[in-house]
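Below: one structure, written as structure tokens.
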Amino acid sequence: MIVSARETWLSRVLLVVLMVVTIVPFISLFVTALHAPGTYPSGLEWPETPYWSNFVDAFTAADMGALLWSSLLIEIGVVPVALLIATLAGFSLGHLRPPGHRAIFLTFVLGLTLPFQAVIVPLYYQMRDLGLLNTRWAIILPLIGLYMPFAVMWMRAHFVTMPEELSEAARIDGAGTWALFSRIHVPLSVPALSSLGILLFLWTWNQFLLAVVLVDDPAKRTMAGALGAFQGQWGTDVPLLCAGSLLILTPTLIVFLVFQRRFVSALMQGALKG
Amino acid sequence: MMQTRTTGTTGRREVSEQSSTSAEARRRALRARRLRRGWVALGLVVPAAVAYAAFVLRPLVLTVQYSFYDWNGVTESTWVGAENYRRLVDNPEMLGSIGNALELIVYFSFVPVLLGLLTAATIRKFATSRLALVSRTVLFLPQVIPLVAAGIMWTWLLASDGLVNELLRGIGLDALTRAWLGDTSTALPAVGVIGAWVALGLCMLLLLAGMAKIDPSLYEAARIDGAGAVREFFAITLPSVRQEIGVCVTVTVISALAAFDIVYISTQGGPANSTLVPGLEIYYLGFFSREVGQASALAVVFMALVLAVVLPIQRLTRESDR
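If you read the sequences in order, they're chains A and B. When you line the first sequence up against the working numbering, it's residues 327 to 600, in that order. When you line the second sequence up against the working numbering, it's residues 8 to 329, in that order.
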């Protein structure tokens, strides 16, 4: 393509500016985290003596070990179950198409634009009546339900594209519905499943509202929910707060950088389908 | 399977009679199998449907039910009819929160989509270069971190001694400096900046992906016809990414209307309710002032608002599909 040199140069500058704007808040957070505890550092000034110990202090103050463990437990409770039941439903609605599949799917789609705040009040009383308030179940169970509209739509969209002949051939070979699902379709669904898994992982890790409302003890919350409590407690000590925030967002950053390709495509597809 | 095979081994003399009954039997077996498979298929939906019904549909119905009651969550509730809705209309605080949510659409949605369009259209030509590939990773960073963390970062950047004011002082605009999140006139736009920062990368990359699908010969033809960059943008780029624009607008509008994490962390709705949004107000009403009925009425109106804004956008994008 013929593009003038000036145009290319200008576009490159624009892209770099955009990246700088994205990155600077992270750098500011990092630099601030290195200042003496209790001070109000200004701008992007590098401290005379960097207080690396802030990270250690924040780690102990936030009880990071327990937070990581808690988030992990919540992830383990939510992601595999949500993936499994959404895949089963998606397979049925998209591929087997039993009578009434349209109506059932429409009912799921109904919840697609629902903001969590719209149901948070009844969820609180539901969890209270079940005796689950202040346990991780109070986050895990509702999240599985709240993810269903998106997850079922996602998996259905995948199974709709699977050719009918594939299943017919397997049926002739004597495969029952379960064998058809687990031996033929699940192995073919790995890309769709892993993208959905990444999205659910990320949304669970970053879930704030449910954690804040349904669980008082920060050590039983998600990472994002715990960060809210940490801010309430250490909001006046800016360097420590910044160090704590960095520690809490680092795990997602690491996972993101490791699985970059998958993440980017999952996020893009997630937006496209959502 | 097994049954049809055994019926095939009957004597030759009764073939005609036998084949009609076996065809009948086969049809019946087929119908039975189809019916059984239908039930099995429906069974597969049950776990997802139960989770959805228990934690989405049931609370939805309860929200509507609570909205007609006066209830503090502890003692007996009393039926008050549409009273909660009437009070909602009369209450400037709650109406204001809805107004704020609508204003946030400008910052959370229009700004990132417009900026994303402009930048994507500009860098489209070298979308496969190394710089563009690096930018894919970098621009996604705000999407990956918790919104709470974004709120904390920006609270500090927008503070009176924060980087934003430092920069303004640096270029001699001292008069403009202020505590951006603490000033009633700038707090909502300041919250908006945080939302725009989060959404810009995703919007830009989605639009870029849409533009990558445009046939390059279209641009060649336009250039030969003497079209400039602006003509090119309006005649080719913009119409081709209508669907992607629809996606960006839908996603960001929902995030604007449902804003909670960022507001909770950066301003808690203040100062003087200037950044109060429905999501936050529902939280305060439901869990602090314990007005469950009032919180639910606001939640119902809130849901209706989201649908009223999002459905037309969806319809517009769907039509451009054809």
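C-beta atoms are modelled at their ideal positions from N, C-alpha and C, and glycine is treated no differently.
Just confirm the distance between the C-beta atoms of residue 419 of chain A and residue 427 of chain A, as a whole number of angstroms; I'd bet it's less than 8 Å.
About 5 Å separates the two Cβ atoms, so the contact holds.
- Message: Going by C-alpha to C-alpha distance, which of B:272, B:132, B:155 sits closest to residue 240 of chain B?
- Response: B:132
Please go through the same chain and pick out, in chain order, the residues whose beta-carbon is closer than 8 Å to the beta-carbon of residue 95 of chain B, but skip the five residues on each side of it.
When the five nearest sequence neighbours on each side are left out, the beta carbons in the same chain lying within less than 8 Å of the beta carbon of residue 95 of chain B are those of 101, 102, 301, 304, 305, 308, in order along the chain.
*Any contact of the segment 554–563 of chain A with the segment 111–119 of chain B, i.e. 3+ C-beta pairs under 8 Å?*
no
_Let me see if you follow: with CB-CB separation under 7 Å, is residue 584 of chain A close to chain B or not?_
no
Per-residue DSSP class, three states only, for residue 86 of chain B = It is a strand residue.
Same chain, Cβ closer than 8 Å to residue 550 of chain A, neighbours up to 5 away in sequence not counted
531, 532, 533, 534, 537, 574
Closer than 7 Å by beta-carbon distance: list the chain B residues that pair up with residue 402 of chain A, in chain order. Those do not exist, as residue 402 of chain A stays about 17 Å from chain B at its closest Cβ, beyond 7 Å.
**Prompt:** Do three or more CB pairs link the segment 444–463 of chain A to the segment 285–302 of chain B at distances below 8 Å?
**Reply:** yes
> With a cut-off of 7 Å, does the C-beta of residue 474 of chain A fall near any C-beta of chain B?
Replying inline: yes
Assigned exposure category for residue 19 of chain B - 16 Cβ within 10 Å defines buried:
Legend: pLDDT at residue 19 of chain B = 48, less than 50; position of this residue unreliable, value from coordinates given subsequently. Exposed.
Exercise for the section: Assign residue 596 of chain A to one of two classes, buried (16 or more other C-beta atoms within 10 Å of its C-beta) or exposed (fewer than that). Expected result: buried
request  = Entirely within the segment 62–131 of chain B and at least 4 residues each: give me those alpha helix (DSSP H) ranges in chain order.
outcome  = DSSP runs (the alpha helix (DSSP H)) wholly in the segment 62–131 of chain B: 65–73, 90–97, 99–112, 118–130.
Using a 10 Å radius around the Cβ and a threshold of 16 neighbouring Cβ atoms, would you call residue 99 of chain B buried or exposed?
exposed
Next item on the list: Measure the Cβ-Cβ separation of residue 49 of chain B and residue 424 of chain A and say whether it is below 7 Å.
Entry: yes
| field | Segment limits, alpha helix (DSSP H) that includes residue 367 of chain A | value | No alpha helix (DSSP H) contains residue 367 of chain A, which DSSP labels as neither H nor E.
- Task: Count the other CB atoms, across all protein chains shown, that sit within 10 Å of the CB of residue 212 of chain B; report buried if there are 16 or more and exposed otherwise.
- Result: Its Cβ being crowded by 16 or more others within 10 Å, residue 212 of chain B is buried.
* Hey, how far is the Cα of residue 504 of chain A from the Cα of residue 33 of chain B? -> 23 Å
(request) Under 8 Å by Cβ, that's how I've got residue 205 of chain B and residue 154 of chain B pegged, so tell me the actual separation to the nearest angstrom. (result) 7 Å
Using DSSP with H/G/I as helix, E/B as strand and the rest coil, what is residue 319 of chain B? helix
Our contact map puts residue 187 of chain B next to residue 354 of chain A with C-beta atoms below 8 Å; I'd like the distance itself, whole angstroms only. With 8 Å as the limit, residue 187 of chain B and residue 354 of chain A do not qualify as a contact, their Cβ atoms being about 15 Å apart.
Going by the beta-carbon positions, is the gap between residue 392 of chain A and residue 566 of chain A smaller than 7 Å? no
(Q) Judging by CA-CA distance, which residue of B:220, B:269, B:225 is the nearest neighbour of residue 249 of chain B? (A) B:220
- Message: I'd like to know if the segment 401–415 of chain A and the segment 454–472 of chain A are in contact, where contact means that at least 3 CB-CB pairs between them fall below 8 Å.
- Response: With a cut-off of 8 Å on Cβ pairs, the segment 401–415 of chain A is in contact with the segment 454–472 of chain A, counting three or more such pairs.
- Minimum Cβ-Cβ distance from residue 590 of chain A to chain B less than 7 Å: yes
Every unbroken alpha helix (DSSP H) within the segment 433–464 of chain A, with a cutoff of 4 residues, ordered by chain
443–455
Exercise for the section: Step through the CB atoms of chain A and report whether any lies within less than 7 Å of the CB of residue 273 of chain B. Expected result: no
7 Å Cβ cutoff, residue 140 of chain B in contact with chain A: Using beta-carbon distances, residue 140 of chain B does not count as an interface residue toward chain A, since no partner is under 7 Å.
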